[in-house]
Structures are given as C-alpha cells and as structure tokens.
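So for the sequence shown, the working numbering puts the first residue at 94; every next one is plus one. Below: one structure, written as structure tokens.
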Amino acid sequence: MSHFMQPSVILLREGTDTSQGTAQLISNINACYAVGEIVATTLGPMGADKLLYSGAGKATISNDGAEILKLLDIVHPAARALVDIAKSQDVEVGDGTTSVTLIACELLNECKTFLEDGVHPQILIAGYRKAALLAVNRLEELKVGVADLKDAGEDGARVLLERVAGTALNSKLICAYKSLFAPMAVDAVGLLKKDDLDLKHVGIKKVTGGSVMESHLVRGVAFKKTFSYAGFEQQPKHIKNPKVLLLNVELELKSEKENAEVRIEDPSLYQSIVDAEWKIIYDKLDQCVKSGANVVLSKLPIGDLATQYFADREMFCAGRVSDDDMERVARATGAQMLTSTNDIPESAIGNCGLFEENQVGGERFNYFTECSATTSCTIVIRGGSEQFVEEAHRSLHDALMVVKRTMENSSVVAGGGAVEMELSRYLRAQARTIEGKQQLVMTAFAKALEKIPRQLCDNAGLDSTDILNQLRKKHFEEPEEGLWFGVDVNAAGICDTFKSNVWEPSANKINSIASAAEAACLILSVDETVRNPQSEQAQMQQRGQMGGRGGGMPMSQAMGGQGLRGMGQAMGGRGVRMMKGRGGK
Numbered sequence: 094m095s096h097f098m099q100p101s102v103i104l105l106r107e108g109t110d111t112s113q114g115t116a117q118l119i120s121n122i123n124a125c126y127a128v129g130e131i132v133a134t135t136l137g138p139m140g141a142d143k144l145l146y147s148g149a150g151k152a153t154i155s156n157d158g159a160e161i162l163k164l165l166d167i168v169h170p171a172a173r174a175l176v177d178i179a180k181s182q183d184v185e186v187g188d189g190t191t192s193v194t195l196i197a198c199e200l201l202n203e204c205k206t207f208l209e210d211g212v213h214p215q216i217l218i219a220g221y222r223k224a225a226l227l228a229v230n231r232l233e234e235l236k237v238g239v240a241d242l243k244d245a246g247e248d249g250a251r252v253l254l255e256r257v258a259g260t261a262l263n264s265k266l267i268c269a270y271k272s273l274f275a276p277m278a279v280d281a282v283g284l285l286k287k288d289d290l291d292l293k294h295v296g297i298k299k300v301t302g303g304s305v306m307e308s309h310l311v312r313g314v315a316f317k318k319t320f321s322y323a324g325f326e327q328q329p330k331h332i333k334n335p336k337v338l339l340l341n342v343e344l345e346l347k348s349e350k351e352n353a354e355v356r357i358e359d360p361s362l363y364q365s366i367v368d369a370e371w372k373i374i375y376d377k378l379d380q381c382v383k384s385g386a387n388v389v390l391s392k393l394p395i396g397d398l399a400t401q402y403f404a405d406r407e408m409f410c411a412g413r414v415s416d417d418d419m420e421r422v423a424r425a426t427g428a429q430m431l432t433s434t435n436d437i438p439e440s441a442i443g444n445c446g447l448f449e450e451n452q453v454g455g456e457r458f459n460y461f462t463e464c465s466a467t468t469s470c471t472i473v474i475r476g477g478s479e480q481f482v483e484e485a486h487r488s489l490h491d492a493l494m495v496v497k498r499t500m501e502n503s504s505v506v507a508g509g510g511a512v513e514m515e516l517s518r519y520l521r522a523q524a525r526t527i528e529g530k531q532q533l534v535m536t537a538f539a540k541a542l543e544k545i546p547r548q549l550c551d552n553a554g555l556d557s558t559d560i561l562n563q564l565r566k567k568h569f570e571e572p573e574e575g576l577w578f579g580v581d582v583n584a585a586g587i588c589d590t591f592k593s594n595v596w597e598p599s600a601n602k603i604n605s606i607a608s609a610a611e612a613a614c615l616i617l618s619v620d621e622t623v624r625n626p627q628s629e630q631a632q633m634q635q636r637g638q639m640g641g642r643g644g645g646m647p648m649s650q651a652m653g654g655q656g657l658r659g660m661g662q663a664m665g666g667r668g669v670r671m672m673k674g675r676g677g678k
C-alpha cells in the first residue's frame with residue numbers, strides 16, 4: 094500500500110496552471126454565460142446595437158452576433174466555442190447568430206444545478222443530444238413548404254421571399270428601409286443561376302455620403318474606377334452595345350531587360366532592341382483593336398501608352414480590375430478571360446446593352462447594364478457615415494443569405510419565438526414518457542429554448558413572465574390553433590406570427606438548435622483546463638509589438654474597461670484547484 098501514498102509528479106512546465114473538476118465546469122459555464130449576456134440585448138426588432146472601439150481607433154456599430162463576438166477578441170478557451178458556432182451560423186444561414194449563442198448559453202446555464210447536485214456530465218450530454226434530435230425532427234414536421242403557401246392563396250414565391258428577407262432585416266439598423274432592401278435582396282438572388290446560388294456573384298459596393306434611399310441594384314456590374322494614366326480623359330464614357338474584352342495581360346511598355354539578357358557587339362544594334370520592345374506592345378494593342386472590342390478590361394496594369402492608344406481609337410480601357418469584378422463582368426456579358434492577345438476568338442468577346450461611367454457620391458463608377466442573360470449583379474449601398482454603411486452591408490448580407498437558403502430549401506417557419514415555444518411544449522410532453530434523470534435533462538432543454546421569446550420580451554420592455562405564461566397556455570391548450578403563436582412586440586402581447594408574416598427559413602432554426610446543442614455538449618465534455626501564463630504573456634507582448642494591427646480587442650476592454658461579470662471566475666473560480674508544475678523547465 095506504500096506506493097499509493099507517494100506524491101504525484103506533474104510533468105508540466107514551470108508556471109503551468111491546471112483547473113479541473115466540477116468547479117472547472119461551472120467556471121467555463123460562467124464564462125460562456127457572460128458572453129451570452131453581451132449579445133442578449135441585440136436580439137429581435139427591439140434589440141439594441143453595440144458600439145465597439147478597437148485599439149486601432151476604429152469604431153464599429155453593430156447588432157450582428159457574429160460580428161460582435163469577432164470584435165470582442167475573446168481569449169477564454171471555453172467561451173471561444175461560442176464564437177465558432179456564431180461564425181458557423183453566419184456562414185451556413187447568415188441570420189440567427191445571436192439566437193444560436195443565446196440557446197447555447199442557456200443550455201449550459203441549465204446544467205449548473207445538475208452539476209452542483211452531482212449529476213455526471215455524460216448524462217447531461219446524452220440527454221441534450223437526444224432532445225436536440227427530437228427538436229430537429231419536430232422542426233422537419235412543422236416547416237411549411239413554398240408550394241403549400243402558393244396553394245393557400247399567397248401571391249407567389251416572390252412575396253414569400255420578401256417577407257423572409259423583411260424578417261431578417263427587422264432587427265437591423267436598416268429596418269426602417271426594409272421596403273427598399275428586402276425586394277433588392279430578392280431581386281439580387283433571383284438573378285443568379287438557380288443551380289448556383291453563390292453570393293460571390295452579388296457584388297456589394299459601399300459609398301459613403303448621400304441618402305440610404307439612393308442605394309440601388311445594378312442588373313449587371315458596377316465597380317469603382319481604377320487607377321488610370323494620362324489620356325483617360327479622351328476615352329468614351331458612354332458606349333451603347335459595347336464589345337467587351339477581358340484580359341489577364343499587362344498592356345504596358347516595359348524594358349525587356351527585365352525578362353532577358355541581351356549582349357551586343359555593335360552599339361548601333363541597341364536601337365533595334367528598343368524598336369523590338371515597342372513592336373511587342375504595339376502588336377498586343379493592335380490585336381485588341383482587331384478583335385472589334387471597344388471596352389478592354391485587364392487584371393494587370395494598362396499603361397499610359399495603351400491608354401492613349403485606345404483613346405485615339407474611341408475605346409475604353411481599365412487596368413488593375415479586381416478578380417471578383419472581372420468574374421462578374423464575364424458572367425454578365427458572356428466574355429471569356431484571356432491570357433494572351435494572340436488570335437482573339439470572336440466567341441471570347443462579351444456584350445451588353447450599355448456601358449457608362451457615372452458619378453456616385455465622391456467616386457466614379459463603371460457600369461455594365463442592360464445585360465440580356467446576366468447571372469450576376471451589384472448592389473450599391475449609400476449612407477451618411479462609414480459605420481452606417483458597414484452595418485448596412487452586414488445586414489444586407491444576412492438578408493441575401495436568408496433568401497438564398499429559403500430558395501434552396503423551399504420551406505419556412507414562423508418567427509417571433511413561436512417555433513421555440515412549440516418545441517418547448519413538444520419536448521416537455523416527450524420528457525413525460527422517459528424515466529430517470531433523462532426526463533429532467535430534457536425538461537431543462539425545453540426550458541432553455543424559452544430563452545428566445547423571453548429575451549424578445551425583455552428587449553421590448555414587456556413583462557416576459559406574463560407573455561410566456563400566455564404562450565404556454567396557448568400552445569398547450571390549443572396545439573393546432575396555437576401552433577404559430579409568438580411574441581408580438583408591437584402590440585405588447587401574443588399573436589399568430591405566421592399570419593403576421595414573420596417568417597424565417599427552416600434551415601435557420603434547424604442549424605441553430607443543432608449547433609447550440611453540440612457547443613453545449615462540447616463544453617460539458619471538458620473536465621480540465623491547462624494553461625501556461627508565461628506563454629500567454631509572450632503572446633500579449635507580441636500583440637503589443639504589432640502596433641494594434643489586429644481588428645479586435647481584449648474582451649476586458651470591450652465594455653469600457655469594466656470587464657465581464659463572471660469572467661473573473663473563469664480562469665480560477667471558487668473551488669478550482671490551481672497547481673504549479675514541478676517538472677522543471
């Protein structure tokens with residue numbers, strides 16, 4: 094028995110701290126819940142915005158959950174899981190980033206009582222995964238297809254998509270202009286190929302200045318005028334039925350000494366070398382003219398010689414055009430990208446109805462419009478301040494993603510907390526059929542889902558307890574008629590949110606619940622945290638030497654240097670055992 098009494102040796106570097114046990118789990122939960130409290134007030138149409146000020150001096154105003162969590166620069170290892178699920182939700186669906194964070198935080202918060210009572214984390218994980226599976230299956234039953242809505246007498250898919258986009262914009266800074274941006278989002282996605290709804294083909298250009306009502310959709314391509322050389326003023330700025338040539342070729346006179354080494358014995362031969370250099374560039378320019386094109390765009394520079402050469406022949410040219418804009422022009426005009434000017438085929442030349450250069454605010458923009466078979470478009474966003482334009486961009490991206498997912502899945506559900514209340518009722522009913530601790534865990538999952546309607550009420554200044562009691566009664570006593578009843582923040586009560594046209598893509602809710610449950614299970618499965626303060630100090634010094642080039646900020650400074658409630662306990666809360674390594678350096 095003597096060998097059991099020997100002291101344990103921890104083979105960790107000097108200064109390493111370890112935290113483990115139930116106290117460590119609760120500490121991680123507190124850290125995550127503190128993050129959730131930050132984004133909670135941004136939920137819903139009455140949600141507030143956050144002003145985040147970075148060390149580089151950039152101020153950002155946003156109520157987008159993923160953007161806020163990204164700018165907070167959270168360093169706590171457990172809390173970073175929330176950042177990951179918010180990013181995943183933003184990429185997959187575009188909307189619902191705040192909801193998925195709140196559900197995950199509430200699921201973890203419901204576990205605290207169980208953990209303090211000695212329930213093993215694996216029991217909680219098994220119960221949550223079972224409840225999440227039941228909730229997702231129930232959502233598959235509840236979702237309403239687009240065809241079903243048409244049969245019910247709706248005006249068609251466009252009306253549905255506009256309502257879905259409007260719901261996504263309700264909680265945004267530009268909600269007052271959703272009558273402008275919702276149809277714009279539907280039109281933009283509708284111009285894409287039905288089998289290729291890739292939003293990279295929807296260009297979004299931000300121009301500060303002017304009214305937001307001056308924002309518009311270009312059924313083609315618009316991009317900011319690139320750097321141009323002398324002679325650009327003589328080029329045409331308005332061309333009807335242009336022929337468009339797209340190149341990945343540098344049209345600039347350069348000495349061939351950069352590409353080759355030439356040795357001559359007779360100095361008089363030097364002029365022939367110079368003449369050959371001129372002939373090379375002129376051959377390229379002549380090939381462009383012979384192709385019949387009168388608009389030449391290139392990813393690489395177009396020099397002053399080429400600019401003046403094209404101007405003399407009533408041709409427009411632009412160099413250093415971005416890859417994304419070149420691809421959109423190709424999709425809009427039918428042109429092909431060429432890497433050589435030799436033997437330009439006629440099929441590689443694109444065309445559109447009109448090319449023109451317009452003044453937008455303080456910038457010059459090149460427009461390709463009246464494209465007969467365009468599968469790309471551009472949205473120009475205007476606004477009085479840079480912060481407003483940036484937030485409008487994020488909001489419009491969410492609306493575009495929501496419309497895209499709805500078109501792909503062709504199904505919607507009601508918003509306003511109606512789905513969460515119905516799933517809560519369903520899971521409570523299912524929990525009664527299960528024996529043992531799993532019943533309590535499933536009930537806890539059901540209670541956590543009520544966080545969404547409760548937070549909607551709190552953000553609107555309503556009595557959340559009274560509203561939730563009304564919703565529970567409606568969903569329990571009238572499961573058919575009360576199926577889609579949620580929070581009505583305008584009337585300070587409850588209503589059928591489906592009939593009120595508060596619609597969301599079913600993929601939004603399915604992904605939210607599945608991701609939140611997995612994030613909660615991930616954090617519950619961690620029973621020990623090991624950290625090395627010396628490594629952290631070295632990283633902080635490295636960040637300081639970077640001169641503030643990072644885009645985020647430490648979370649302790651995010652809210653005016655006040656830190657986050659609960660984060661002080663996150664790295665070493667009450668009951669957490671901190672041990673120093675004795676293995677030497």
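From the three backbone atoms N, C-alpha and C, an ideal C-beta is built for every residue, glycine too.
Give a yes or no on whether 8 Å exceeds the smallest Cβ distance from residue i to chain B.
i    : result
I366 : Among the protein chains of the structure shown there is no chain B, as only one such chain exists.
Can you give the Cα-Cα distance for residue i and residue j, rounded to whole angstroms?
i    : j    : result
D405 : N341 : 23 Å
P360 : I366 : 11 Å
L533 : E513 : 18 Å
V176 : A124 : 13 Å
E479 : T301 : 6 Å
K725 : H490 : Residue 725 lies beyond the range of the chain shown here (94 to 678); nothing can be said about it.
G114 : D288 : 51 Å
L162 : L201 : 18 Å
Q117 : I616 : 11 Å
D142 : T558 : 24 Å
G158 : Q523 : 32 Å
L393 : L344 : 8 Å
Q563 : I587 : 8 Å
M419 : F325 : 20 Å
D397 : Q364 : 22 Å
For residue i, is the classification buried or exposed, using 16 other Cβ atoms within 10 angstroms of its Cβ as the cut-off for buried?
i    : result
Q327 : exposed
M55  : Outside the modelled stretch of the chain, which goes from 94 to 678, sits residue 55, for which no answer is possible.
N334 : exposed
F274 : buried
S415 : exposed
K592 : exposed
D581 : buried
F569 : exposed
T434 : buried
W371 : exposed
G238 : exposed
E236 : As written in the sequence, residue 236 is Lys, which differs from the Glu given in the question. Its Cβ being crowded by 16 or more others within 10 Å, K236 is buried.
E483 : buried
E573 : exposed
S264 : buried
T432 : exposed
S618 : exposed
T206 : exposed
Excluding sequence positions up to five away, which residues of its chain have a Cβ less than 6 Å from the Cβ of residue i?
i    : result
L555 : A585
L290 : K497
D280 : L310
S469 : H294, R421, R424, A425
I603 : V229, L232
Q650 : With a pLDDT of 45 at Q650, under the threshold of 50, the predicted position of this residue should be treated as unreliable, though the coordinate-derived value follows. Contacts found: none.
A278 : A258, A492, L493, V496
T191 : V132, T135, L136, G158
R565 : none
A386 : K336, L338, I442
L549 : G137, G510, V580
What does a CB cutoff of less than 7 Å around residue i pick up in its chain, not counting 5 residues either side in sequence?
i    : result
S384 : L338, I437, I442
W577 : A507, A511, D589, T590, F591
P276 : E255
What does a CB cutoff of less than 8 Å around residue i pick up in its chain, not counting 5 residues either side in sequence?
i    : result
G427 : G443, N444, A466
contact_flag[the segment 300-314, the segment 507-522] where n(CB pairs < 8 Å) is 3 or more: no
Indicate whether the contact test is met: 3 or more Cβ pairs, each with one atom in the segment 447-465 and one in the segment 317-324, closer than 8 Å.
yes
Exercise. Using 8 Å as the threshold, is the segment 144-151 in touch with the segment 185-198, meaning 3 or more CB pairs across them?
Worked result: no
Worksheet item: Mind pulling the beta strand (DSSP E) runs of 3 or more residues that sit fully within the segment 185-230?
Response: none
Any 3 or more C-beta pairs closer than 8 Å across the segment 196-215 and the segment 522-529: no
Q. Can you give, in chain order, each stretch of the alpha helix (DSSP H) that sits fully within the segment 545-592 and has at least 4 residues?
A. 557-570
Segments assigned alpha helix (DSSP H), at least 4 residues, entirely inside the segment 251-288
271-283
Quiz prompt | Unbroken stretches of the beta strand (DSSP E), 3 residues or longer, contained in the segment 502-537 | solution = 504-507
Can you check the segment 380-457 for any alpha helix (DSSP H) of at least 4 residues that lies completely inside it and give the ranges in chain order? 397-405, 416-426
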